[in-house]
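Quick note, the sequences are listed as chains A, B and C, same order. Each residue of the first sequence is one higher than the one before, counting from 194 in my numbering. Each residue of the second sequence is one higher than the one before, counting from 1157 in my numbering. Each residue of the third sequence is one higher than the one before, counting from 483 in my numbering. Ideal placement from N, C-alpha and C gives every residue a C-beta, glycine not left out. Computed from a prediction, not measured in an experiment: that's the story for all the values here. Just below is one structure, and these are the notes that go with it.
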Amino acid sequence: MLSLENLTHTIDQALNRSFGPTTVLLVEMAMLSLFAIALFAVLGLVLVFMERKVSAYMQIRLGPNRVGYKGLAQTAADTLKLVIKEGLTPDSADKFLFNLAPFVVMIVAMLLLAPIAFAKGCQMWDMNIGVLYITAVSSVSVIGILMAGWASNNKYSLIGAMRSGAQIVSYELSAGLSIISMIVLTGSLQLSTIITSQQDGWWIFKGHIPAVISFVIFMIAVTAETNRAPFDMAEAESELTAGFHTEYSGMRFAFFFLAEYVNIFVVCAIAATIYFGGWMPFHIGHWEAFNHIMDFIPSVVWFTGKTFALIFLIMWFRWTFPRLRVDQLLNLEWKYLLPIGMFNLLLTTAIAILGWYF
Amino acid sequence: MTNEELKNKFAELLPGATFDETGEWLNVMIDAKEWLPLAAQLRNYFDLHFDFLFCVTAVDWKTHFSMVYHMRSTTLGHTIVVKAKIADRSNPEIESVSKIWRTAEFHELEAYDLMGIKFQNHPGLRRLFLTEDWEGYPLRKDYIDEVNMIKL
Amino acid sequence: MIEEVGTTTEGDLIINVGPQHPSTHGVLHLVITLNGETVKNVEPRLGYIHRSIEKMCESLTYRQFIYVTSRMDYLSSHINNQACALVVEKALKIEVPERAQAIRVLMAELTRMASHLLWWGALGMDVGAFTPFFHAFRERELINDIMEETCGTRLTMNYMVPGGVMADLHPDFQKKVKEFITMFKSKIDEYDTLVTGNIIFQNRMKGVGYISGEDALSYGCTGPVLRASGVKCDIRKLAPYDGYDKLQFEEVIETGGDSYARYLVRMRELKQSLSIIEQLLDNIPEGDFQAKTKAVLKPPKGEFYTRVETARGELGVYVISEGGLTPYRIKFRSPGFSNLSALHHMTKGSKIGDLVATMGTLDLVIPDIDR
């Protein structure tokens, strides 16, 4: 059967036949980085188009439908426009940090693509601390946002950045706690092990109540972490015009914009991996026949299907909910999500010890 | 209170006031100097209780200005118009009533900006619509702006 | 007066909200002093769209000046025109035919609905929900189409003349309005599920931007803002004009005094306006749509004041006539101007988000404030 695993394996073998091990490693690393950049661009284009179509659907509009087939080339045209536009740097801005910030945000988004398993055997870097890596690296993006807000030397940007800082640091706790409660069940930080542990059913079913609680908290927390409405305090265009990226224009603005969408993809991919088995098809216990039928659907379809369903959920939030106020946002985290998350961790641990899961 | 009762009440409060009953409401003509104490009485006397000052404006009568205050009592349902005459055209001054009705603060700013009437003890007299360096007061009858004005 | 740049001695930030800002709905400029996220002071700077309509009116005749006022509160231009037509009629003692009155009321209520719909959408935008805006525009578009058929334009209708209306209703008018009513009734519950019942929206609105009835009166607030604080002030009930006294409708009163109360008042007013339209639609009296008036209108010497209830509150027109062709002095007491003056009182000590939400519930239209 044609699978991505075979393809990568063939390439690896072909390289190994011709070159020495160091050269192979270097060539493969170069190929991966190209792949990451290409993926970044493609994801940005696809997700922006998807967002516009989803919002159009919710708002009884048509959405982009002129450029290319059914408007598919709209985002590409927009990106081209942004590339040609002049990238202004305000006179009083801290030039170095101002120019650095979009790259920090973008690089973080790219780094997060590394441990994600896109299909069976198709993972850039299957490290044994995958989950830890993701939580650690995703927190770096707040530095980029703070940098952008501070260096712009604009009060709107500054307020936006400070809000973003408070928000991301708080919601990281909840996101982390809900992941940890699932780690208690899987017993591994490695993403490939987490996926194979869902051979006989996804964790959202196997872990029943605590897994559902943890999933809900995780989705709320990552919506906040990616600065999406209803938690888009950092941008809050009706309050702070554009928040931390008020002063950015041209391609540097596009980097923030694309990074936001890639971040959404990454968090949804992680949610899909931990709760819905990543590329793992829908299996029920030891129903071998059923499981085999499910296996006929390629793993990459399972992965993208689950991820995009979750992305649609996040987009749905954005186009139907009003924005929270900044103090309500922090109240929600510290007074509700965090205590519930902690309690849920205890519950999961008890369940794991007692073996009350499937 | 009916107009007649209001008139009797005013005769007590302010013996010098004159009245005009041609319009819909009772008009009371007073002098600018009598305005502030009268305003406080109008607002606070329980049988007058004019708690809603709904229109404040200035009129340029070429020889003098007058401030026109329309007020209504939401509890008692009567309405009067007080017209305060400002005789000094070169330096028109009247006491601000923004402490009594807070809506007066904005309306007085408008009158200052467009008619040039100075309100004493106003919390922050400034040009509201026009720039600080604007010369003249556009709603005055002797204001001439060759550039921007439409004449028919 | 606050400087427009820099920080104060206490280390507070001073921020210019506007004149170009997504939530000021036009060219309003607020200089706000912030301590962190908390608003300490709000100072409006006006005049970015000041055209001195009052001065312009002094050189326009009594037939002409009505149409300038469409540009004041462009969302209730019919009602502005109606106020001006009424003041001329009062001065000249013109009897308006019953048919004309009914048409005026129908148009005014349609305008009020269109205005409230736009406000509802824009409020959604202010609190960060984009979708209501498009849903509101779907219905508003139908009203605009109805207006376009009868009046010829969609926004600044210029349909009222002293003595009646400019032209008779379009033959399709009743059919179209009935279609609109059916459509609107099926959608109004959708509004409640999308916005009113949303818990985030309620949290953003309840207890925010509170003003007591006494303070609201002192600040000269009118319309939904004052009615949300529990004070009766509907001019349609208080001093009925154009036959409002013959119609059955309820003056909407809420006692909360906060943004949520103001929201509810307007949402309930939509239903009241709908019921007024329904009562009149099949009972438009036959007759003339315009009274016979002289070609040149010359009101006698005197002072005339009329009040009408626009979508935003009480619009007063104060005309001083010297017996000439043009008014000697004209003053528009616009509802938005007084409502704006209460903004500082309502938002002092609240968060930036509350400031924006409160501004949304005040329903400010900047040309109405600046004139």
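* Asked: Where N503 (chain A) and A465 (chain A) are concerned, what is the direct C-alpha to C-alpha distance, given to the nearest angstrom?
  -> On the first sequence, position 310 is the one that residue 503 (chain A) refers to. On the first sequence, position 272 is the one that residue 465 (chain A) refers to. A small fix is needed here, since residue 503 (chain A) is Leu in this sequence, not Asn. Using only the alpha carbons, I get a separation of about 8 Å.
* Inspect the beta-carbon positions of W1181 (chain B) and I1250 (chain B) and report whether they are closer than 7 Å. => As a first step, residue 1181 (chain B) must be located in the second sequence, where it is residue number 25. As a first step, residue 1250 (chain B) must be located in the second sequence, where it is residue number 94. Not a contact, by the Cβ cut-off of 7 Å.
* Asked: Of the choices C:H503, C:G500, C:L510, C:G493, whose alpha-carbon is the least far from that of I848 (chain C)?
  -> As a working mapping, residue 848 (chain C) is identified with position 366 in the third sequence. Here the closest residue by C-alpha is C:L510.
* With 7 Å as the limit, tell me which residues of the stretch 512-532 of chain C have their beta carbon closer than that to any beta carbon of chain B; keep them in chain order. => For the stretch 512-532 of chain C, which is checked against every Cβ of chain B, the residues closer than 7 Å are L528, G529, H532.
* To do: Measure from the C-beta of A422 (chain A) to each C-beta in chain C and report whether the shortest distance is under 7 Å.
  => In the first sequence, counting from the first residue as 1, residue 422 (chain A) sits at position 229. With 7 Å as the cut-off, A422 (chain A) counts as an interface residue toward chain C.
* To do: Could you check what DSSP says for H1319 (chain B) in three-state terms: helix, strand or coil?
  => With chain B covering only 1157 through 1308, there is no way to say anything about residue 1319 (chain B).
* Asked: What is the DSSP secondary structure of T439 (chain A), reduced to helix, strand or coil?
  -> Along the first sequence, read from residue 1 onward, the residue named residue 439 (chain A) stands at position 246. Three-state result, T439 (chain A): coil.
* L600 (chain C), enclosing beta strand (DSSP E) - first and last residue -> Counted from its first residue, the third sequence places residue 600 (chain C) at position 118. Element bounds for L600 (chain C): not the beta strand (DSSP E) but the alpha helix (DSSP H), 580-608.
* Asked: Straight-line CA distance for A223 (chain A) to W472 (chain A)?
  -> Residue numbering aside, residue 223 (chain A) sits at position 30 when the first sequence is read from its first letter. Residue numbering aside, residue 472 (chain A) sits at position 279 when the first sequence is read from its first letter. Straight-line Cα distance between these residues: approximately 25 Å.
* Under the three-state reduction of DSSP, which class applies to S668 (chain C): helix, strand or coil? -> In the third sequence, residue 668 (chain C) corresponds to position 186, counting from 1. Looking at S668 (chain C) - three-state DSSP - the assignment turns out to be helix.
* Whose C-alpha, out of C:V707, C:R744, C:G725, is nearest the C-alpha of P767 (chain C)? -> Mapped onto the third sequence, residue 767 (chain C) falls at position 285. Nearest of C:V707, C:R744, C:G725 to P767 (chain C), Cα basis: C:G725.
* Asked: With contact counted as at least three CB pairs below 8 Å, one residue from each stretch, are the stretch 413-420 of chain A and the stretch 380-394 of chain A in contact?
  -> no
* Who are the neighbours of G798 (chain C) on chain B, taking C-beta pairs under 9 Å? -> Reading the third sequence from its first residue, position 316 is the one you call residue 798 (chain C). Going along chain B in sequence order, the residues near G798 (chain C) (Cβ under 9 Å) are F1210, C1211, H1226.
* Does the Cβ-Cβ distance between G689 (chain C) and G712 (chain C) come in under 7 Å? -> What you label residue 689 (chain C) is simply residue 207 of the third sequence in a count that begins at 1. What you label residue 712 (chain C) is simply residue 230 of the third sequence in a count that begins at 1. No; because the gap between Cβ atoms is not below 7 Å, this pair is not in contact.
* Asked: So, helix, strand or coil for S711 (chain C), using DSSP?
  -> To locate residue 711 (chain C), count along the third sequence from 1; it is residue 229. Coil.
* Is the CB-CB distance between A565 (chain C) and L797 (chain C) below 7 Å? -> For the purposes of this step, residue 565 (chain C) is taken as the residue at position 83 of the third sequence. For the purposes of this step, residue 797 (chain C) is taken as the residue at position 315 of the third sequence. Against a cut-off of 7 Å, the Cβ pair of L797 (chain C) and A565 (chain C) comes out as a contact.
* L542 (chain C) lies in the beta strand (DSSP E); which residues open and close that run? -> Counting from 1 along the third sequence, the entry for residue 542 (chain C) is found at position 60. Where L542 (chain C) is concerned, there is no enclosing beta strand (DSSP E), because DSSP gives it neither an H nor an E.
* P501 (chain C) versus chain A: which residues are under 9 Å apart at the beta carbon? -> Residue 501 (chain C) sits at position 19 when you count from the first residue of the third sequence. Within 9 Å Cβ-Cβ: nothing; P501 (chain C) doesn't reach chain A, min ~12 Å.
* State the start and end residues of the unbroken alpha helix (DSSP H) segment that holds S164 (chain A). => No answer is possible for residue 164 (chain A): it lies beyond the span of chain A, which begins at 194 and ends at 551.
* Ordered along the chain, which non-local residues of its own chain (more than five positions away) have a Cβ less than 6 Å from that of A1173 (chain B)? -> Locating residue 1173 (chain B) in the second sequence gives position 17, counting from the first residue. Closer than 6 Å at the Cβ level, and outside the excluded window around A1173 (chain B), lie F1166, V1184, I1186.
* For S1222 (chain B), which of helix, strand or coil comes out of DSSP? -> Position 66 of the second sequence holds residue 1222 (chain B). Under the three-state reduction of DSSP, S1222 (chain B) is assigned to strand.
* Leaving out the 5 sequence neighbours to the left and right, which residues in its chain are closer than 6 Å to M648 (chain C) when beta-carbon positions are compared? -> For the purposes of this step, residue 648 (chain C) is identified with residue 166 of the third sequence, where counting begins at 1. Within the same chain, M648 (chain C) has close Cβ partners Y641.
* To do: Use the C-beta contact count for R421 (chain A): other C-beta atoms within 10 angstroms, 16 or more gives buried, fewer gives exposed.
  => Walking along the first sequence from the start, residue 421 (chain A) turns up at place 228. With 16 or more other Cβ atoms within 10 Å, it is buried.
* DSSP three-state call for H1263 (chain B): helix, strand or coil? -> Along the second sequence, one-based indexing puts residue 1263 (chain B) at 107. DSSP places H1263 (chain B) in helix when its eight states are reduced to three.
* To do: Check the DSSP bridge columns for E1249 (chain B) and list the partner residues they point to.
  => Position 93 of the second sequence, counting from 1, holds the residue named residue 1249 (chain B). B:K1274.
* Could you name the residues of the same chain whose beta carbon sits closer than 6 Å to that of P898 (chain C), not counting the 5 residues immediately before and after it, in chain order? => Outside the modelled stretch of chain C, which goes from 483 to 853, sits residue 898 (chain C), for which no answer is possible.
* Asked: Anyone know if the C-beta pair for K813 (chain C) and T1213 (chain B) falls short of 7 Å?
  -> Counting from 1 along the third sequence, the entry for residue 813 (chain C) is found at position 331. Counting from 1 along the second sequence, the entry for residue 1213 (chain B) is found at position 57. Yes.
* **For R1228 (chain B): DSSP bridge partner residues** => Here the question's residue 1228 (chain B) lines up with position 72 in the second sequence. R1228 (chain B) is bridged to B:F1208, B:T1235.
* What's the call for M483 (chain C), buried or exposed, on a 16-neighbour Cβ count within 10 Å? -> As a first step, residue 483 (chain C) is located in the third sequence; it is residue number 1 there, counting from the start. In this predicted model, M483 (chain C) has a pLDDT of only 45, less than 50, meaning its place in the structure is not dependable; the value taken from the coordinates is given anyway. M483 (chain C) should be labelled exposed.
* To do: Under 6 Å Cβ to Cβ from Y701 (chain C), same chain only, skipping five residues before and after it: list those, please.
  => Stepping through the third sequence from its first residue, residue 701 (chain C) is reached at position 219. Excluding residues within five positions, the ones whose Cβ falls inside 6 Å are S823, A824.
* **Every unbroken alpha helix (DSSP H) within the stretch 312-370 of chain A, with a cutoff of 4 residues, ordered by chain** => 323-331, 334-344
* To do: Return the residues of the stretch 677-706 of chain C that lie within a Cβ-Cβ distance of less than 7 Å from chain B, sorted by chain order.
  => Within the stretch 677-706 of chain C, the residues whose Cβ lies closer than 7 Å to some Cβ of chain B are L699, S700, Y701, G702, listed in chain order.
* Report yes or no: is there a C-beta of chain C within less than 7 Å of the C-beta of W512 (chain A)? => In the first sequence, the residue the question calls residue 512 (chain A) occupies position 319. Yes, its Cβ sits closer than 7 Å to a Cβ of chain C.
* Asked: Tell me, which residues are paired with R620 (chain C) by DSSP?
  -> Counted from its first residue, the third sequence places residue 620 (chain C) at position 138. Looking at the DSSP assignment, R620 (chain C) forms no beta bridge with any residue, so it has no partner.
* Asked: On the three-state DSSP scale, how would you describe N640 (chain C)?
  -> The residue you call residue 640 (chain C) lines up with position 158 of the third sequence. For N640 (chain C), the secondary structure class from DSSP, reduced to helix, strand or coil, is coil.
* Pull up the distance between the alpha-carbon of M194 (chain A) and that of G314 (chain A), whole angstroms please. => The count along the first sequence starts at 1 and reaches residue 194 (chain A) at position 1. The count along the first sequence starts at 1 and reaches residue 314 (chain A) at position 121. Because M194 (chain A) carries a pLDDT of 45, less than 50, the predicted location of this residue cannot be relied on, and the following value inherits that uncertainty. If I take the Cα positions, the gap works out to 14 Å.
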